[in-house]
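Numbering (this note's numbering), first residue to last: 7 to 445.
Heads up, the thing below is written out as structure tokens.
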Ligand code: SF4
């Protein structure tokens with residue numbers, strides 16, 4: 007099933023005071039149908055047509071159409087936040103990727119978690135990876151016309167037959183190179199991703215994929231190799247396995263060799279490996295400059311390096327010792343040993359790091375972002391002392407509603423354990439202030 011939004015406008019979620027939008031009389035709840043005569047399909051159309059200095063807005067408010075005039079003064083933001091698209095407005099994929107995480111979710115979770123989005127608009131706006139399998143001609147033209155760049159593309163393999171296999175045999179062609187070449191020729195910048203499934207798209211296939219993507223650089227700016235994530239909920243799904251530790255080590259060496267070659271040939275390392283692989287392999291992470299600006303950190307490429315360097319810098323900047331806080335810091339099992347060392351390096355810190363096993367998803371899932379409230383509560387109940395607070399990484403909570411994946415809230419967790427819960431952003435300063443009081 008493929009959903010596309012129609013030209014029904016965009017809904018205003020908030021209007022910031024003292025901005026051009028506020029001066030024009032826009033209000034939360036207004037549906038903006040057109041700007042300067044151009045019907046709006048979505049937030050991208052709003053951005054695209056909203057760049058002029060003078061905007062004639064056609065707005066629907068409580069069923070009545072209004073015409074508003076908006077004048078943007080020099081350098082001013084419009085001052086409008088739009089509502090996120092509803093699930094029915096998001097383009098969904100017709101693929102059945104053998105590694106799809108959504109197919110591996112347990113039953114009974116919130117409906118929104120099962121939305122298989124494959125929407126070029128979300129790729130442009132939020133960095134979601136898309137397969138390009140379902141794009142029609144009009145959509146390709148729109149990407150070029152509105153210069154929707156960069157896009158984030160799930161490639162997985164350039165061999166058409168293998169890609170078709172990996173994507174679960176979609177009805178449409180799975181040939182990716184001609185599409186990437188077309189977008190590259192039109193000047194669209196892209197970030198490619200390979201979800202590595204040992205025994206399927208590794209080895210010679212990975213070599214081929216990387217070698218066939220490289221000629222598209224700089225339009226294909228980066229290629230991220232990330233390990234497949236497997237949960238214990240894989241009934242009736244193709245058999246897959248994760249990397250062994252030896253394979254992880256060999257992969258780090260292979261990627262280092264490619265990076266050296268590409269740096270010489272292209273002026274960029276071009277291929278980057280997910281943090282999880284370095285952690286599994288037990289080898290040092292590349293230095294910060296090897297991530298070339300951390301362009302794809304959101305995909306787990308360099309997040310750990312950036313965070314740990316940030317903590318070190320923040321510690322060096324501290325002028326006076328601060329009082330330690332006796333808190334329990336929650337971590338996924340994979341990162342916990344490094345986090346323990348990081349906390350231990352903070353002079354005087356007495357915080358404990360709790361490596362929470364992921365029973366909810368099971369399998370190879372060991373990152374903090376996929377921890378549920380139930381698993382945290384169950385694990386912490388086994389510890390003798392939790393201290394004055396529990397420090398939960400914000401990545402474990404859903405952005406919009408601030409709840410764990412199992413719908414538990416931080417307040418539910420605090421009530422279950424009888425200890426306050428502090429949610430901290432994945433920022434060095436936030437970790438430091440969570441484990442030490444200000445000097
Ligand atoms: S493209 Fe593949 S991995 Fe992504 S949602 Fe669709 S089936 Fe799942």
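Cβ coordinates follow ideal geometry from the N, Cα and C atoms, glycine included.
The structure displayed is predicted, hence computed values, not measured ones.
Given the structure, does residue 140 come close to the ligand SF4, in the sense that its CB is under 6 Å from one of the ligand's heavy atoms?
With a threshold of 6 Å, the Cβ atom of residue 140 does not count as near the ligand SF4, since no heavy atom of the ligand is closer than that.
Beta-bridge partners of residue 158, as assigned by DSSP
According to DSSP, residue 158 shares a beta bridge with 135 and 197.
Helix, strand or coil for residue 1, going by three-state DSSP, please let me know.
The question about residue 1 has no answer, for the chain in this structure spans 7 to 445.
What three-state label does DSSP hand residue 148 in the structure shown?
Three-state result, residue 148: helix.
Using DSSP's beta-bridge definition, name the partner residues of residue 72.
Beta-bridge analysis with DSSP links residue 72 to 65.
Let's see if you can read the secondary structure: which residues bound the beta strand (DSSP E) around residue 37?
Its beta strand (DSSP E) spans residues 37 to 41.
So the beta strand (DSSP E) residue 338 belongs to, where does it begin and stop?
Looking at the DSSP string, the run of the beta strand (DSSP E) that includes residue 338 is 333 to 338.
Helix, strand or coil for residue 413, going by three-state DSSP, please let me know.
Here residue 413 sits in coil by DSSP.
Determine the DSSP secondary structure at residue 443, reduced to helix, strand or coil.
The answer is coil: DSSP assigns residue 443 none of H, G, I, E or B.
Please indicate yes or no: does the CB of residue 237 lie closer than 6 Å to some heavy atom of the ligand SAM?
Of the ligands this structure carries, namely the ligand SF4, none is the ligand SAM.
Top-ranked residue by Cα proximity to residue 358, from 300, 440, 319 and 367
With respect to the C-alpha of residue 358, the residue from 300, 440, 319 and 367 having the closest C-alpha is 440.
Beta-ladder partner(s) of residue 278, from DSSP:
Per DSSP, 230.
Measuring CB atoms only, is the region 356 to 370 touching the region 317 to 335, in the sense that at least three cross pairs come out at less than 8 Å?
Touching, yes.
Would you decide whether residue 143 is buried or exposed? Buried here means 16 or more other CB atoms lie within 10 Å of its CB.
The residue is exposed, with fewer than 16 neighbouring Cβ atoms inside 10 Å.
Residues near residue 130 in its chain [Cβ-Cβ closer than 7 Å; skip 5 each side]:
The answer, listed in chain order, is 50, 154 and 157.
So what does DSSP say about residue 352, is it helix, strand or coil?
DSSP places residue 352 in coil when its eight states are reduced to three.
At a cut-off of 6 Å, would you count residue 125 as near the ligand SF4, judging by its Cβ distance to the nearest heavy atom?
No.
Taking 6 Å as the cut-off, is the beta-carbon of residue 108 closer than that to any non-hydrogen atom of the ligand SF4?
Yes, since a heavy atom of the ligand SF4 falls inside the 6 Å radius drawn around the Cβ of residue 108.
Meets three-Cβ-pair contact criterion under 8 Å: the region 404 to 419 and the region 372 to 384:
Yes, the region 404 to 419 is in contact with the region 372 to 384.
What are the residues that DSSP puts in a beta bridge with residue 321?
None, per the DSSP bridge assignment.
Thinking C-alpha only, which one of 289, 57, 44 and 418 is nearest residue 81?
Of the residues 289, 57, 44 and 418, the one whose Cα lies closest to the Cα of residue 81 is 57.
So, is residue 421 buried or exposed, given that buried needs 16 or more other C-beta atoms within 10 angstroms?
By the neighbour-count definition (other C-beta atoms within 10 Å, threshold 16), residue 421 is an exposed residue.
If the criterion is Cβ atoms closer than 7 Å, does the pair residue 140 and residue 180 meet it?
Annotated as distal: residue 140 and residue 180, with beta-carbon spacing of 7 Å or more.
Might you give, ordered along the chain, the residues of its own chain that have their beta carbon closer than 8 Å to the beta carbon of residue 188, omitting 5 neighbours on each side?
Residues 146 of the same chain have their beta carbon placed closer than 8 Å to that of residue 188, with the five preceding and five following residues left out of the count.
Looking at residue 305 and residue 230, is the spacing between their C-beta atoms short of 7 Å?
Here residue 230 is near residue 305, since their CB atoms are less than 7 Å apart.
Given that a residue counts as buried once 16 or more other Cβ atoms are within 10 Å of its Cβ, and exposed if not, what is residue 127?
Looking at its Cβ environment, which holds 16 or more other Cβ atoms inside 10 Å, residue 127 is buried.
Can you tell which of 77, 415, 216 and 212 has the C-alpha that lies nearest to the C-alpha of residue 403?
When 77, 415, 216 and 212 are compared, the shortest CA-CA separation from residue 403 is found for 415.
Taking residue 427 as the reference, which of 433, 386 and 162 has the closest Cα?
Distance from the Cα of residue 427 is smallest, within the candidate group 433, 386 and 162, for 386.
Residue 250 - DSSP class collapsed to helix/strand/coil:
Three-state result, residue 250: coil.
Going by the beta-carbon positions, is the gap between residue 123 and residue 137 smaller than 7 Å?
For the pair residue 123 and residue 137, the CB atoms are not nearer than the 7 Å cut-off.
From residue 319 to residue 254, what distance separates their C-alpha atoms?
Rounded to whole angstroms, the separation of the alpha carbons of residue 254 and residue 319 is 29 Å.
Would you check whether the ligand SF4 has a heavy atom nearer than 6 Å to the C-beta of residue 137?
Checking the Cβ of residue 137 against the ligand SF4 gives yes.
Buried or exposed for residue 85, going by 16 or more other Cβ atoms inside 10 Å?
When all chains shown are included, residue 85 counts as buried.
Specify the secondary structure class of residue 44 as computed by DSSP and reduced to three states.
Reduced to three states, the DSSP call for residue 44 is strand.
Chain-order list of residues whose beta-carbon lies under 8 Å from that of residue 9 (same chain, five-residue window excluded)
For residue 9, the predicted model reports a pLDDT of 46, less than 50, meaning its position is unreliable; a value from the coordinates is still stated below. Taken in chain order, the residues that qualify are 94, 95, 96, 97 and 98.
Residue 463 by DSSP, collapsed to three states: which one?
Any answer about residue 463 is impossible in this case: the structure gives the chain only from 7 up to 445.
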